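Right, one structure below, let's go through it.
There are 2 protein chains.
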Amino acid sequence: MAAIVWWLITVVVVVVHSASARPIVLNWEVKYKFRWPDCKEGVVMAINDQFPGPTINAVSGDTVIIYLTNKLSTEGVVIHWHGIRQNGTPWADGAAGVTQCAISPGETYTYNFTVDKPGTHFYHGHYGMQRSAGLYGMMIVRSPEERLRYDGEFNLLLSDWWHQSVHAQELALSSKPMRWIGEPQSLLINGRGQFNCSQAAYFSEGGGLRQCTFKENDECAPETLRVEPNKVYRLRIASTTNLASLNLAVEGHKLEVVEADGNYVAPFTVDDIDIYSGETYSVLLRTHSFSSKKHFISVGVRGRKPNTTQALTILNYADASDSDRPTNPPPVTPRWDDYYRSKSFSKKIFAAEGYTPPPKKSDDQLILLNTQNLIDGYTKWAINNVSLSVPVTPYLGSIRYGLNKHELKSPAKRFVKDYDILKPPVNPNTVKGTGLYTFPSGIVVDVILQNANVLKGKNSEIHPWHLHGHDFWVLGYGEGRFRPGVDEKTYNLRNPPLRNTVALYPFGWTALRFVTDNPGVWFFHCHIEPHLGMGMGVVFAEGVDQILKMDIPDEALTCGSTMKLLMNRGRR
Amino acid sequence: MAAIVWWLITVVVVVVHSASARPIVLNWEVKYKFRWPDCKEGVVMAINDQFPGPTINAVSGDTVIIYLTNKLSTEGVVIHWHGIRQNGTPWADGAAGVTQCAISPGETYTYNFTVDKPGTHFYHGHYGMQRSAGLYGMMIVRSPEERLRYDGEFNLLLSDWWHQSVHAQELALSSKPMRWIGEPQSLLINGRGQFNCSQAAYFSEGGGLRQCTFKENDECAPETLRVEPNKVYRLRIASTTNLASLNLAVEGHKLEVVEADGNYVAPFTVDDIDIYSGETYSVLLRTHSFSSKKHFISVGVRGRKPNTTQALTILNYADASDSDRPTNPPPVTPRWDDYYRSKSFSKKIFAAEGYTPPPKKSDDQLILLNTQNLIDGYTKWAINNVSLSVPVTPYLGSIRYGLNKHELKSPAKRFVKDYDILKPPVNPNTVKGTGLYTFPSGIVVDVILQNANVLKGKNSEIHPWHLHGHDFWVLGYGEGRFRPGVDEKTYNLRNPPLRNTVALYPFGWTALRFVTDNPGVWFFHCHIEPHLGMGMGVVFAEGVDQILKMDIPDEALTCGSTMKLLMNRGRR
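Residue numbers (UniProt numbering), protein chains in the order written: chain R, 1 to 572; chain U, 1 to 572.
Here it is in structure tokens:
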């Protein structure tokens with residue numbers, strides 16, 4: 001067997017300068033490149049020829065200026081800065097059709113925003129299925145007052161990977177009848193996976209695959225985590241999967257969860273963590289006192305019947321020799337449909353001490369029923385019977401300039417009373433729409449996400465919902481149908497965690513609360529890219545009176561009716 | 001064997017109304033669709049769900065108004081009306097980056113133009129490799145004074161087809177080192193071919209493929225040409241191939257060539273015709289007096305070493321029964337590298353009687369050397385050492401508004417004297433550029449296209465050059481290096497054919513002449529899509545003083561610096 005070459009992740013030295021707002025100026029170009037993400041050649045979206053894109057390292061308070069140039073041949077592009085609240089700069093949020101027009105080929109858009117909050121964040125494409133195509137990277141915002149103590153850190157950006165092009169996948173999903181894209185061919189850790197071999201084939205757990213051998217500079221060779229004994233390491237983990245819900249474990253080591261979505265949580269220790277698309281975690285890993293060898297880190301699929309091999313990388317103690325292999329097999333990913341286990345992980349997460357609790361009462365309440373639907377034979381997802389169809393003109397521009405009022409409609413605030421969430425739905429009234437809810441500034445909004453049965457058979461899927469522009473408190477999870485006036489009493493109002501992404505579990509509900517303190521237009525959607533593409537999202541407009549006064553850069557609105565309006569200014 | 005189902009091409013009834021300018025108003029939507037163009041499923045660009053796109057049937061003098069809506073998810077789109085001169089409407093020519101900005105997803109662009117000249121034309125995408133993706137269709141402009149007499153007609157739109165997506169192909173071609181896309185998997189006649197079987201397998205000429213059997217409504221079943229005995233049929237043939245030079249023959253029948261690129265030619269009779277990408281022909285076919293059976297129509301590759309099965313369809317006499325098969329095998333395509341034969345076909349083409357001969361002298365002369373080059377390791381094609389890089393702002397807009405003067409540069413009018421066209425080139429000075437030549441109105445311009453050896457080995461390829469906005473006279477073809485002051489004397493100034501596309505043969509030259517009577521900006525380029533993508537083109541700006549007065553619709557210029565200018569009008 002050829003020698004396995006292990007690749008080192010640079011351990012970021014945790015030194016943080018003072019919180020003065022320095023500008024971080026980046027010139028980025030987006031292009032397609034041929035790469036071997038999982039030891040099979042494919043086409044990825046790269047930034048400055050890098051896949052995944054470059055890691056942004058910032059300090060809270062920094063101004064980040066990214067000149068993003070679209071070097072694609074025929075496609076538009078945007079980048080969303082996932083976890084950054086964009087206070088005062090909603091046009092920098094990077095959601096195509098919501099906060100800006102897609103950047104056309106050859107054009108440069110300036111993302112200029114402040115990273116006000118420390119935490120583990122990431123960024124990704126938010127147009128078509130460009131996230132699934134590989135347009136993503138880590139974004140670490142450090143705090144000058146870091147309260148965690150650790151000796152080194154590693155970034156683990158998790159994703160899933162298909163061999164079919166995203167263009168063909170997108171067409172498949174939007175065809176009549178819909179063609180499902182299936183489970184991913186591979187899971188990637190920092191853009192690296194192995195489709196046709198296993199690093200653990202020498203155990204029976206290898207699944208019948210051959211043992212991987214890597215050549216120098218192999219793009220699919222895993223990045224190894226090189227550690228010293230008796231130290232504490234922070235693993236910053238983010239999931240930008242297209243579809244997969246994941247579970248991560250480090251063989252022979254416990255994980256202490258300390259951060260979720262950029263917020264400290266009351267530390268708790270587990271053997272493994274669940275992580276849904278759109279979530280980030282920091283976990284602390286204490287290395288053994290004995291300088292022992294190598295251990296597998298495994299990432300496997302949960303929440304859907306898996307058909308994808310675990311992604312593996314190695315925790316590599318300093319004195320392990322290159323030829324050593326882990327002596328224990330990779331951790332087994334917990335059973336995919338053990339939802340009790342999934343929920344009990346979620347329910348362990350509470351805000352760390354020092355966080356202000358949420359307001360005791362809400363001023364408004366949405367109860368959003370998630371249903372799978374058929375509209376004219378096309379498979380769609382809908383929220384309160386409206387399947388989101390993002391309009392040509394970005395909401396932010398339409399609202400700023402008072403355009404398209406006829407098409408910007410609100411779905412109902414609650415779903416119909418007699419809807420049976422346990423049965424396959426009958427939804428003759430489901431329509432496509434713009435799914436816009438409008439809120440005044442400074443109020444407290446509760447959103448209850450309500451899951452239901454899918455179109456066929458007895459089944460309900462996990463949906464990780466992500467809110468742009470905000471953190472929200474996760475007030476609670478429940479089984480079955482939400483009972484207004486009753487289930488509110490079960491809310492945790494003492495120490496609920498602040499997050500920007502939360503899972504909605506099968507046949508259950510999830511309640512969250514936020515304050516409309518960020519004027520702008522914010523996407524709120526299932527972070528599973530095909531679900532969003534099939535309409536599973538809504539849009540929150542907040543503080544419209546302040547949006548009307550915003551000086552939105554013209555370059556954000558070079559499409560649709562805002563373009564026509566701006567071009568005609570000089571003619572009137 | 002299952003019964004073969006033959007599909008009928010509707011015989012268009014040749015009845016033409018008077019030449020009053022009626023408007024033809026079309027609402028078109030461009031989308032990707034799954035189709036089976038060659039009996040293997042692939043993704044095509046469809047117009048109103050049709051592939052190939054709908055045939056436009058117009059009468060000379062008609063106004064055609066097409067509201068083209070981009071229903072793609074993330075890609076821009078344009079359509080070029082190949083053979084239409086766009087006199088007075090250069091912004092309707094549909095060349096992305098030259099005469100307009102690409103139409104963004106969700107937007108509608110209005111193509112509004114007059115079809116001033118009768119003839120066999122077509123239309124196709126002109127952005128990235130969208131033509132190769134299947135964005136094309138026929139455009140027939142009839143004359144109220146048709147001088148040809150025939151009993152029926154058929155359209156044969158020829159194309160080539162790859163199984164790899166055009167996105168991956170485009171990336172391959174623009175990679176370093178360049179990856180060649182190879183020969184097409186199939187040739188298509190009206191969007192139908194057979195990759196994995198042959199209609200002629202029952203002859204030894206079937207090439208070892210199995211006999212095709214077609215089910216009802218098979219998208220890859222050939223359209224059969226149903227004819228009566230003792231009649232004259234007009235075959236309107238257009239080639240929109242990405243790469244392939246083609247040869248078409250009808251077994252047992254002669255072809256009388258009567259039209260080329262929308263101009264009548266002095267009729268001549270041949271066994272088969274060569275047709276290059278961008279060309280159109282009409283040929284008259286006289287059916288036999290005996291009502292005899294079926295005959296193969298074959299389309300094969302010439303000019304490149306073929307690796308693609310002939311496309312076949314059937315000339316089907318009225319009383320042939322469904323179960324009859326052609327008794328003779330398909331015509332054999334002439335040897336691919338018999339360039340003497342290719343040139344002798346081209347040299348048979350003269351203008352029909354009644355055409356005005358070209359002006360006797362020219363006012364300006366370009367000698368354009370076609371070379372294959374390396375720029376920083378990227379394979380490019382260059383004209384007089386400039387490899388075309390189409391700018392973000394369309395030329396038409398830049399010139400109209402006096403923008404980007406620094407980047408709009410002219411290559412040399414002639415190539416360096418000591419360039420050896422017979423040897424692999426050494427071109428250290430090749431650069432990317434905008435390749436813009438500017439001419440005043442009302443002058444006579446000669447262009448000599450000069451071929452040369454490619455980068456490696458002893459080889460020179462055929463390049464079919466297409467000029468937008470004009471027909472030109474083909475004054476002559478020559479071998480080797482053009483000798484200024486000498487070879488002009490060999491020009492045919494008596495009855496050269498008028499065309500918009502002409503072949504440049506290996507190691508030779510081709511001379512053409514046109515009059516700058518159409519103010520606008522006109523693309524002039526090799527019609528092989530990968531060659532154009534690698535820089536093989538120039539741009540002619542004509543009558544700049546008149547462009548400066550043009551009322552170009554804003555919607556043509558919603559990109560680059562024209563967009564910024566138009567948006568800022570109101571702010572100044």
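Think of the CB as a built atom: it goes at the ideal place given N, C-alpha and C, for glycine as much as any other residue. Keep in mind the model is a prediction, meaning the values are calculated, not measured.
According to DSSP, residues forming a beta bridge with residue i
i      : result
W511/R : Inspection of the sequence shows that residue 511/R is occupied by Ala rather than by Trp. A511/R pairs with I448/R and G476/R.
L369/U : Q450/U
F523/R : V539/R
E153/R : R234/R
K432/R : S387/R
T490/U : For T490/U, which the question treats as bridged, DSSP gives no partner whatsoever.
T108/R : T69/R
V44/R  : K33/R
D471/R : None, per the DSSP bridge assignment.
F439/R : E542/R
E256/R : T269/R and L284/R
Close beta carbons around residue i, own chain, < 7 Å, minus the five adjacent residues each side
i      : result
P519/R : S441, E542, G543, Q546 and I547
N568/U : none
H288/U : P229
I66/R  : L26, W28 and Y111
F290/R : P229
P330/U : A200, E205, E251, F296, S298, Q310 and L312
H80/U  : D93, G94, A95, Y123, H124 and H126
V15/R  : Unreliable positioning characterises V15/R in this predicted model, as indicated by a pLDDT of 43, which lies under 50. A coordinate reading is not provided.
W554/U : Checking the sequence shown, residue 554/U turns out to be Asp, not Trp. For D554/U, where only same-chain residues beyond five positions count, the Cβ hits under 7 Å are L566.
Residues near residue i in its chain [Cβ-Cβ closer than 8 Å; skip 5 each side]
i      : result
K360/U : L493
L8/U   : Bear in mind that the predicted position of L8/U carries a pLDDT of just 34, short of 50, making it unreliable; the figure below should be weighed with that in mind. Within the same chain, L8/U has close Cβ partners E223, T224 and R226.
I181/R : W162, Q164, Q169, A172, L173, L243 and P530
F345/U : V270, I273 and D274
N263/R : G119, A351, A352, Y355, D471, P497, L498 and R499
Cut-off 6 Å between Cβ atoms - residues of its own chain near residue i, not counting five sequence neighbours on either side
i      : result
Q365/U : D446
V13/R  : Because V13/R carries a pLDDT of 38, less than 50, the predicted location of this residue cannot be relied on, and no value is offered for it.
I552/U : W91 and R400
V11/R  : Bear in mind that the predicted position of V11/R carries a pLDDT of just 38, short of 50, making it too unreliable to give a figure here.
L72/U  : P105
A412/U : N384
CB contact flag (residue i, residue j, <7 Å)
i      : j      : result
H468/R : C526/R : no
N155/U : R85/U  : no
P54/R  : G125/R : no
T434/U : L396/U : no
A318/R : K294/R : no
G128/R : T74/U  : yes
G535/R : S398/R : no
P184/R : T280/R : no
H466/U : T438/U : no
L284/R : V232/R : yes
F507/R : F524/R : no
T99/U  : P394/U : yes
Under 7 Å by beta carbon: chain B residues contacting residue i
i      : result
S561/U : Considering every chain present, this structure includes no chain B. Its protein chains are R and U.
Inset, instruction - With 8 Å as the limit, tell me which residues of the segment 25–43 of chain U have their beta carbon closer than that to any beta carbon of chain R; keep them in chain order. - result: Y32, K33, F34 and V43
Inset, instruction - May I ask you to list, following chain order, the residues of the segment 388–406 of chain U that have a beta carbon less than 7 Å from some beta carbon of chain R? - result: V392
Inset, instruction - Ignoring anything shorter than 4 residues or poking outside the segment 357–430 of chain U, list the alpha helix (DSSP H) runs there in chain order. - result: 395–400
Inset, instruction - Please go through the segment 173–231 of chain R and give each complete beta strand (DSSP E) segment of 3 or more residues, from N-terminal end onward. - result: 186–189 and 223–227
Inset, instruction - Give, in chain order, every residue of the segment 163–192 of chain R whose Cβ lies closer than 7 Å to some Cβ of chain U. - result: Those would be S165, H167, A168, E170, L171 and S175, in chain order.
Legend entry - Proximal residues, the segment 69–94 of chain R versus chain U, C-beta separation under 7 Å: Cβ contacts with chain U: S73, T74, E75 and G76.
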